[in-house]
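Participant:
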Amino acid sequence: MDNFETVEVTTDFLIVGGGMAASGAAVEASYWAKKHGLKVTLVDKAAMERSGAVAMGLSAINTYIGIKDGANTPEDFVKYVRNDQMGTVREDLVYDIARHVDSTVHLFEKWGLPIWKDEKGNYVHEGRWQIMINGESYKVIVAEAAKNALGMDNIYERVFIVNLLVDEKNPNKIAGAVGFSVRDNKFYVFKAKAVMVAAGGAVHIFRPRSTGEGLGRAWYPPWNSGSSYATMLQVGAEMTQMESRFIPTRFKDGYGPVGAWFLLFKSRATNAFGEDYLQTQAEEIKKWEPYASAKPVPTPLRNHQMIKELSEGRGPVYMRTEEAIKKITDTTPGTDKDKKKRLKELEAEAWEDFLDMTITQAGLWASQNIAPEEKPSEIMASEPYFIGSHASCAGAWVSGPADIAPKEYTWGYNRMSTVEGLFTAGDGVGGNAHKFSSGSCTEGRIAGKAAIAYIKDHPETPVVDQKKIDALKEKVYQPLKTFEQFKGLSSDPNVNPNYIRPKMFLFRLNKIMDEYVGGTSMWYTTNKPMLERGLELLTMLKEDSEKLGAENLHELMRAWENYHRLWTAEVHLRHVMFREETRYPGYLYRSDFPKIDEVNWKVFVNSRWDPQTGNWQMSKKPVVKIVQ
Amino acid sequence: MPSYVITEKCDGCKALKTTACQYICPNDLMVLDKEKMKAYNREPEMCWECYSCVKMCPQQAIDVRGYADFVPLGASVTPMRGSNDIMWTVKFRNGTIKRFKFPIRTTAVGEAKPYADYKSSTEDLKSPLLATEPDSLGLAQLSVPKK
Ligand SMILES: Cc1cc2nc3c(=O)[nH]c(=O)nc-3n(C[C@H](O)[C@H](O)[C@H](O)COP(=O)(O)OP(=O)(O)OC[C@H]3O[C@@H](n4cnc5c(N)ncnc54)[C@H](O)[C@@H]3O)c2cc1C
Ligand code: SF4
Ligand code: SF4
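The listed protein sequences derive, respectively, from chains E and F.
Following the working numbering, the numbering of the first sequence begins with 1 at its first residue and continues without gaps.
Following the working numbering, the numbering of the second sequence begins with 1001 at its first residue and continues without gaps.
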């Protein structure tokens, strides 16, 4: 390891990740840190300008309450999110996002994000909570504000964080993080009094529908690999709702967004016989009352309706774009010229929706000669992902806002995990769905301020044993050594009995998860014996992770990404096994417990891996309402 | 190939300190072959087709060929990104061409001011008010749940 230099960075507050949540934290924490003479440092595996899920841009901000205009109240939002997630959300956290998020959106607008306005100067809504933007440069703009707040000297890009560090005297207290540069031979040791992990969600845990060249075209960006969950788990942070995977229904294969079509253009989606599946399957979801009667119908239940059509052989399912556009132009008042003009506008809006956030879908339509005003387009449910900021709840169990959270949910600072000084936000926080881009940035701001408050109260510098750091360095670069040591044995370096390369490791993980834990090939269905067998195979994969081999720094990053995926997979499996009911049909089916069980399971499922013993503990936590 | 580099157009970003495509790719896919002084996508099957590299290449040397496992050949989607707007050319398999232009930002590049011109109202680290609140909310105070 002599040729790998160790770079030590001492700071007060370390932000891991450079996405929406991290950018929000950077802006807010810098403000308070400056007042108190503290230092804030940010580390991202990529370039902040285009890192994270918003890299390509977005066409809508999905969370805006409109409190100042009297459009909605935070209470309205809590009720919506609670129903959408089948009763199981942390209402204190959801409320907290709702009362702050408008301020983040107003900041975005000042920073330079173009938000659509109507003639009166009001934001144009896509749906009740969603507003339309020209969002090609959304991330560029948000990252710019974060960089301006932090200063470039405090930002480390292209450094992949592998592990968090804990205090020598108190193993339940955070002390920093370690990682490596993917550009040069540098090992980074960040020592910090507080750390916020905001490394996004996870993709490629399950086998994707496209496995050739299109492997990377998952709905969720291929670069977020579960680092948030894995790093927090490994220092003993408690997690919640890790069974809550997300299955988006999107335009097939390209995964272009459907929100504008359903909400703005009021399109129907129909089965092979031209029937609206929401109607053919209206009775089916009544098994999930009281949630089935909620308006809008919860995301998992709508998914369930479509999946049922498809799995019972009534596909393909089409978004009736041609019908929707015709209806809008037909009802446009005025002359034929006015109608034509409206048609042109709609066409541009439809294409921008893709070009701003899923360019592949525009290419796919063009390649199949699909003009939305002429032809309908297929939609499909994807493989499972983990994204605590979307219509799902996976993430860490965090302390709530002191002024509004019930006592069951407060033990420290807002958004602090069960590990002292370890904060998280965005996809990292569990039980707090529907934050989306604006809410994730908001949550970063909330956590950023709370972390500075924590540091003021805990000014002592944590101590880390140098031997531990040396051992971690050894471990981090081991895949390079393994490859180097054994590669000569076979004439093809891909096939070698002494190591497994990250890509095959990924395929093995994907296959286990898909076939045993309810992936697409099983229509999201599993049961206890399947899960037990899956865990057996996953355990062998975990053993084999010690034999990961990597040829260069890029492949070394792939190795550690996949190790983080493995942890995410295991915690997910354990949660799925623990929750003996089917609460979220359309996302996940337990064939041995096919019904919802409000008596026993209207609870959060929490898990903790104990770093001292290596044992897992599963538990139930109560759902407490703060909005009636 | 998802993204691919057109050999003839790539100059290896000779004039820059680092190559633009390598700097920007969120998945660390673009690399420069220093012998040929040409960049390439080292793992096309891990490309999201996010177009970050395409938009940034100073030579317009990067294009995208749709994923071969589900995209029929012959179409293309090409951006031209300026500082305030972006122009898109969409070419269909059947030759139809559509062009679109959309705004991308309303401020000058580099001018995103973190706290804008909002006032801050508290010095209290324990207050739930964030730096620019309640001014940036457009409200007199922060909401609390109705009892
Ligand atoms: C396809 C898609 C469409 C969406 N559409 C919308 C929409 O229309 N409207 C809307 O409002 N929201 C939308 N969202 C949601 C929004 O993108 C997320 O809510 C938001 O990006 C979450 O913020 P985050 O900071 O938690 O994660 P991200 O923004 O994804 O940021 C994660 C960061 O962590 C870094 N990172 C990861 N691992 C490591 C590591 N090991 N070491 C260092 N750094 C690491 C990444 O490089 C990145 O900077 C969409 C999301 C997806 C995936
Ligand atoms: S940015 Fe363009 S010109 Fe520069 S190295 Fe990449 S492909 Fe070549
Ligand atoms: S399109 Fe995006 S993911 Fe693909 S190589 Fe370019 S920057 Fe990377």
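Backbone N, C-alpha and C define an ideal beta-carbon position, used for all residues, glycine too.
Since we're looking at a predicted model, the values are computed, not measured.
Please state if the CB of G400 of chain E and the CB of R90 of chain E are separated by a distance shorter than 9 Å.
Facilitator: Contact flag set, yes.
Participant: Using the three-state DSSP reduction, which class does F4 of chain E fall into: helix, strand or coil?
Facilitator: It is coil, neither helix nor strand.
Participant: So, are the CB atoms of V16 of chain E and A26 of chain E less than 9 Å apart?
Facilitator: Contact: no.
Participant: Using 10 angstroms around the beta-carbon of Q281 of chain E, count the other beta-carbons present and answer buried if the total reaches 16, otherwise exposed.
Facilitator: Buried is the call here.
Participant: Starting from Y229 of chain E, trace the alpha helix (DSSP H) both ways and give me its first and last residue.
Facilitator: Residues 227-234.
Participant: Considering Cα atoms alone, identify which of E:D167, E:F265, E:H434 is closest to E347 of chain E.
Facilitator: Comparing Cα-Cα distances from E347 of chain E to each of E:D167, E:F265, E:H434, the minimum goes to E:F265.
Participant: Counting only the same chain and skipping the five closest in sequence on each side, list residues whose C-beta sits under 6 Å from that of M357 of chain E.
Facilitator: Contacts found: M56, G57, L58, S59.
Participant: For the stretch 144-164 of chain E, which residues have a beta carbon sitting closer than 7 Å to at least one beta carbon of chain F?
Facilitator: So the list reads E144, A145, N148, A149, given in the order they occur along the chain.
Participant: Note down, in chain order, all residues in the stretch 244-271 of chain E with a beta-carbon under 7 Å from any beta-carbon belonging to chain F.
Facilitator: Answer set for the stretch 244-271 of chain E: D253.
Participant: Could you tell me whether any Cβ in chain E is nearer than 9 Å to the Cβ of K1113 of chain F?
Facilitator: Chain E contact via Cβ: present.
Participant: Using the three-state DSSP reduction, which class does Q1059 of chain F fall into: helix, strand or coil?
Facilitator: Looking at Q1059 of chain F - three-state DSSP - the assignment turns out to be coil, as it is neither helix nor strand.
Participant: List the endpoints of the continuous alpha helix (DSSP H) containing Y454 of chain E.
Facilitator: 436-457 is the extent of the alpha helix (DSSP H) around Y454 of chain E.
Participant: Could you list which residues in chain E have their beta carbon closer than 7 Å to that of N1094 of chain F, in chain order?
Facilitator: Those are N369, listed as they occur along chain E.
Participant: Grouping DSSP H, G and I as helix and E and B as strand, with all else coil, what is M643 of chain E?
Facilitator: This structure leaves residue 643 of chain E out entirely; chain E is present only between 1 and 628.
Participant: Which bits of chain F does S210 of chain E rub up against, with CB to CB less than 7 Å?
Facilitator: Residues of chain F passing the Cβ test: Y1067, D1069, F1070.
Participant: At the 9 Å Cβ level, is T1132 of chain F part of the contact set with chain E, yes or no?
Facilitator: Chain E, which has a Cβ nearer than 9 Å to the Cβ of T1132 of chain F, makes this yes.
Participant: Closer than 8 Å: is that where the CB of D666 of chain E sits relative to any heavy atom of ligand 2?
Facilitator: Residue 666 of chain E lies beyond the residue range present for chain E, which begins at 1 and ends at 628; the question has no answer from this structure.
Participant: From this set, E:V78, E:K511, E:K191, E:E275, which residue's C-alpha is nearest E383 of chain E's C-alpha?
Facilitator: When only C-alpha atoms are compared, the closest one is E:K511.
Participant: Please indicate yes or no: does the CB of Q130 of chain E lie closer than 8 Å to some heavy atom of ligand 1?
Facilitator: The answer is yes for Q130 of chain E.
Participant: With a threshold of 8 Å (Cβ to nearest heavy atom), would T1019 of chain F be considered close to ligand 2?
Facilitator: For ligand 2, at least one heavy atom lies less than 8 Å from the Cβ of T1019 of chain F.
Participant: Within 8 Å, do at least three Cβ pairs link the stretch 74-91 of chain E to the stretch 1072-1088 of chain F?
Facilitator: These segments do not touch.
Participant: What's the C-alpha gap between Y220 of chain E and A53 of chain E?
Facilitator: Taking the straight line joining both Cα atoms gives about 7 Å.
Participant: Is P1058 of chain F near ligand 2, in the sense that its beta carbon is under 8 Å from a heavy atom of that ligand?
Facilitator: Yes, Cβ of P1058 of chain F sits closer than 8 Å to a heavy atom of ligand 2.
Participant: Starting from the beta carbon of C1050 of chain F, find every residue of chain E whose beta carbon is closer than 8 Å, and list them in chain order.
Facilitator: What C1050 of chain F touches in chain E: R50, A55, M56, P221, I359.
Participant: Going by other Cβ atoms of all chains shown within 10 Å of its Cβ, with 16 needed for buried, is T211 of chain E buried or exposed?
Facilitator: It counts as exposed.
Participant: DSSP on F578 of chain E, reduced to helix/strand/coil?
Facilitator: In the structure shown, F578 of chain E sits in a helix (DSSP, three-state: H, G or I).
Participant: Please look up how many angstroms separate the CB atoms of E283 of chain E and Q305 of chain E, rounded, as I've assumed it's under 8 Å.
Facilitator: Not really, about 10 Å apart at Cβ, beyond 8 Å.
Participant: Which word fits V495 of chain E, buried or exposed, when buried means at least 16 other C-beta atoms lie within 10 angstroms of its C-beta?
Facilitator: Looking at its Cβ environment, which holds fewer than 16 other Cβ atoms inside 10 Å, V495 of chain E is exposed.
Participant: Which partner residues does W616 of chain E have in the DSSP bridge list?
Facilitator: DSSP lists E:W609 as partners of W616 of chain E.
Participant: Quick check: the stretch 289-298 of chain E against the stretch 320-335 of chain E, are at least 3 beta-carbon pairs closer than 8 Å?
Facilitator: No contact exists between the stretch 320-335 of chain E and the stretch 289-298 of chain E.
Participant: Please give me, in chain order, every unbroken run of the beta strand (DSSP E) with length at least 3 that falls completely inside the stretch 165-207 of chain E.
Facilitator: If we require 3 residues or more, the beta strand (DSSP E) runs fully inside the stretch 165-207 of chain E come out as 174-181, 186-191, 194-197.
Participant: For the alpha helix (DSSP H) that contains T329 of chain E, what are its first and last residues?
Facilitator: Run containing T329 of chain E: 321-330, per the alpha helix (DSSP H) assignment.
Participant: For chain E, check one thing: does any of its Cβ atoms lie closer than 9 Å to the Cβ of I1062 of chain F?
Facilitator: Not an interface residue.
Participant: Name the chain E residues whose beta carbon is nearer than 7 Å to that of C1047 of chain F?
Facilitator: Simply G216.
Participant: Could you check whether the Cβ of L1032 of chain F sits closer than 9 Å to any Cβ belonging to chain E?
Facilitator: No, its Cβ sits nowhere closer than 9 Å to a Cβ of chain E.
Participant: CB of D1011 of chain F to nearest heavy atom of ligand 2: below 8 Å?
Facilitator: D1011 of chain F Cβ: within cutoff of ligand 2.
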